[in-house]
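Residue numbers (the numbering used here): 125 to 264.
In this text, a Cβ means the ideal position worked out from N, Cα and C, and glycines have one as well.
Printed below as a string of structure tokens:
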């Protein structure tokens, strides 16, 4: 991987708090669309933004632009563009809200020894709501 590509990934990761983890599974749990649906060509803003977040999240986890692009049938240049969009998300409230949804999902999944039961219940309720949303989208 080129040094400039690695720098772009590092710059995007730097826009998040220091202890943020980047697991593609967190993206998949939060995204209202299936990965197969995101692979299809579609320029609707809602789908495009989720696809960009997915590409960026995968790149930040695995640090490979080509591999990240192949996950959603895109090329490395699209992944670079997605990373830059995530870096500038504060200027796009819609994109920023979607990123915050993923971060909120991660917060729910982290258990503390004191409130482990409460955190577990919150996580299950949140996941149940996400599943219901996905089912509603499939039925339409």
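Roughly how many whole angstroms lie between the Cα atoms of residue i and residue j?
i           : j           : result
residue 147 : residue 207 : 15 Å
residue 168 : residue 255 : 22 Å
residue 134 : residue 144 : 13 Å
residue 196 : residue 141 : 26 Å
residue 187 : residue 227 : 19 Å
residue 98  : residue 129 : Examination of residue 98 is not possible in this model, given that the chain is present from 125 through 264 alone.
residue 171 : residue 155 : 10 Å
residue 189 : residue 200 : 5 Å
residue 236 : residue 166 : With a pLDDT of 49 at residue 236, under the threshold of 50, the modelled position of this residue cannot be trusted, and the question is left open.
residue 160 : residue 175 : 11 Å
residue 205 : residue 252 : 33 Å
residue 192 : residue 202 : 10 Å
residue 229 : residue 126 : 32 Å
DSSP three-state label for residue i, please.
i           : result
residue 164 : coil
residue 139 : coil
residue 73  : The structure shown has nothing for residue 73, since the chain only spans 125 to 264.
residue 148 : helix
residue 220 : helix
Contact the stretch 167-187 vs the stretch 208-219: 3+ CB pairs below 8 Å: yes
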